[in-house]
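Read top to bottom, the protein sequences are chains C and F.
Mapping the first sequence onto our numbering, position 56 (from 1) lands on 522, and the numbers just tick up by one.
Mapping the second sequence onto our numbering, position 97 (from 1) lands on 107, and the numbers just tick up by one.
From the three backbone atoms N, C-alpha and C, an ideal C-beta is built for every residue, glycine too.
Take a look at the structure set out below.
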Amino acid sequence: RRAGSECPACGGPTLAPQAERAVVLELAKQQILEGLHLTSRPRITHPPPPAALTTALRRLQPGSVAPGNGEEIVSFATVTDSSPAACSSMLTFHLPTPRSHHLYRARLWLHVFPTSPGTLNLKIFRWSPRRRHRGSRTLLGEHQLSLPGWQALTLPPSGLRGERSGVLKLQLDCRPLKGNRTAAGPPRQRLLDMAGHQRPFLELKMRANEPGAGRARRR
Amino acid sequence: TPTCEPETPLCCRRDHYVDFQELGWRDWILQPEGYHLNYCSGQCPLHLAGSPGIAASFHSAVFSLLKANNPWPAGTSCCVPTARRSLSLLYLDHKSNVVKTDVPDMVVEACGCS
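Encoded structure:
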């Protein structure tokens, strides 16, 4: 308390500058957590490599903002069950637990090695664990990749919804195209870049649900 | 709205820049590096009641004078935000996803008397 001086707004004692600063910092923390609908700050145990982060953010449209209280999410894949050719791989994503937001656009970003032979036929399946570890898979899309480098593959938002746990598994199955037929066996050399700063990632665009949207669907 | 000088008694906007490094949050808030946490503070004598700070028009100035000469003050008036803008944040969530979102009404741009 500063002796003698009075708060111009409430007439109470004013705070000393250091005390006011401490109050402001606490206010800032509360305001940001409330604004992000978080109860506490996130504990980051496995931050994405800065190079992968920079590469991914450079891919997104600069300045693009999801409309009306929307969100844009970049989720990096962890690669499991990668075959030696690393072209028929299982990508696992840990998406944010769904809030009252509606997914309206999804793209899978892959980096094709320059050494890949000609055009690749790539099928993307959503893999869902079912009974006794036998999984079932749903085809989400099929793409012909004819250029090396980054590829943005659009996925149907409806195919990605609904996983309460937030864990999403995508199975890639790609083969070189010979003429207009796919080669019989999987390719021998690495075609997709799965490591380092060229890791695959999902780009998702969400928008806040209009109030009552769920009711309209039920009706 | 005037920015508060140390001894400004009337309704004004008090500016505070908060650096996320100072909060120890630079590990999960990627952009921006900080933001202006401003708030409104100061007295609202009755002749300023209803004056929206910088947006005051001639009409509201005359209206204020009429009120100031009114011997029967009615109620009190408070120094409140009259203009706010959103803050765009890029941050890591607890699953290390990168999230970009706009938080509405985060930064007070103008204050005025209710």
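Asked	Found
Ends of the alpha helix (DSSP H) at C:L613?	From DSSP, C:L613 is part of no alpha helix (DSSP H); its letter is neither H nor E.
Check whether the Cβ of F:Q53 lies closer than 7 Å to any heavy atom of the ligand SAH, and answer yes or no.	With respect to small molecules bound, the structure shown includes none, and the ligand SAH cannot be examined in it.
Would you report the Cα separation of C:S555 and C:R509, rounded to the nearest angstrom?	29 Å
With 9 Å as the C-beta to C-beta threshold (strictly closer), list the residues of the segment 485 to 497 of chain C near chain F in chain order.	E486, R487, V490, L491, L493, A494, K495, Q497
Enumerate in chain order the residues of its own chain whose CB-to-CB distance from C:Q484 is below 8 Å, with the five nearest sequence positions on each side excluded.	none
Reducing DSSP to helix, strand and coil, say where C:G662 ends up.	helix
Spatial neighbours of C:L605 within its chain, please: C-beta separation below 7 Å, excluding the five flanking residues on both sides.	K589, F591
Do F:D29 and F:G44 have their C-beta atoms closer together than 8 Å?	yes
Buried or exposed: which applies to C:R598, given that a residue is buried once 16 or more other Cβ atoms fall within 10 Å of its Cβ?	Bear in mind that a pLDDT of 49 at C:R598, under 50, signals an unreliable position, so the model cannot answer this.
Along chain F, in chain order, which residues have C-beta atoms closer than 9 Å to that of C:S541?	K105, S106, N107, V108
Let me know if C:T521 comes out buried or exposed under the rule of 16 or more other beta-carbons within 10 Å of its beta-carbon.	buried
With DSSP run on the structure shown, which of helix, strand or coil describes C:S624?	helix
Please go through the same chain and pick out, in chain order, the residues whose beta-carbon is closer than 6 Å to the beta-carbon of F:L100, but skip the five residues on each side of it.	L40, Q41, K110
For a contact defined as C-beta to C-beta under 9 Å, what are the partners of C:R509 on chain F?	W38, H104
Output the boundary residues of the beta strand (DSSP E) element that contains C:P642.	633 to 644
Please identify the residue among F:V90, F:P55, F:D115 whose C-alpha is closest to the C-alpha of F:N79.	F:P55
Mapping DSSP to helix, strand and coil, what is C:F579?	coil
Counting only beta-carbon atoms, is F:E32 nearer than 8 Å to chain C?	yes
Smallest Cα separation from C:R524: which of C:N675, C:R673, C:A674, C:H663?	C:H663
At which residues does the beta strand (DSSP E) containing F:E17 begin and terminate?	No beta strand (DSSP E) holds F:E17; DSSP gives it neither H nor E.
Return the CA-CA distance between C:G501 and C:G625, expressed in angstroms with no decimal places.	29 Å
Would C:R598 pass as an interface residue toward chain F - the criterion being a Cβ-Cβ separation below 8 Å?	For C:R598, the predicted structure reports a pLDDT of 49, less than 50, and the residue's modelled location is therefore unreliable. A value from the coordinates is still provided. So, not an interface residue.
For the alpha helix (DSSP H) containing C:I498, list its first residue and its last residue.	483 to 501
Can you list the residues of chain F that C:L693 reaches, using a CB-CB cut of under 8 Å?	Absent from the structure is residue 693 of chain C, since the part of chain C shown begins at 467 and ends at 685.
Given a cut-off of 8 Å on the beta-carbon distance, is the pair C:P666 and C:L611 in contact?	no
Quick check: the Cα distance between F:A65 and C:L569, rounded to an integer number of angstroms?	The pLDDT assigned to F:A65 is 47, lower than 50, so where the model puts this residue is not dependable; a value taken from the coordinates is nonetheless given after this. Roughly 40 Å between the two C-alpha positions.
Let's test the definition: count the other Cβ atoms within 10 Å of the Cβ of C:A518 and tell me whether it reaches 16, buried, or not, exposed.	buried
Report yes if the C-beta distance between C:A674 and C:G536 is below 8 Å; otherwise report no.	yes
Assuming C:L658 and C:F579 are in contact, meaning their beta carbons sit under 8 Å apart, how far apart are those beta carbons, in whole angstroms?	7 Å
Please list, in chain order, the chain C residues whose beta carbon lies closer than 8 Å to that of F:A28.	This sequence places Val at residue 28 of chain F; Ala is not what is there. Within 8 Å Cβ-Cβ: V490, L491, A494.
Within 10 angstroms of its Cβ, does C:H512 collect 16 or more other Cβ (buried), or is it exposed?	exposed
Which of helix, strand or coil does DSSP assign to F:E32?	helix
Helix, strand or coil: which one does DSSP assign to C:L543?	Checking the displayed sequence, the identity of residue 543 of chain C turns out to be Ala instead of Leu. DSSP places C:A543 in coil when its eight states are reduced to three.
With F:V113 and F:S96 assumed to form a contact (beta carbons below 8 Å), what rounded beta-carbon distance in angstroms separates them?	6 Å
Under 8 Å, do F:T13 and F:C22 count as touching if we go by C-beta distance?	yes
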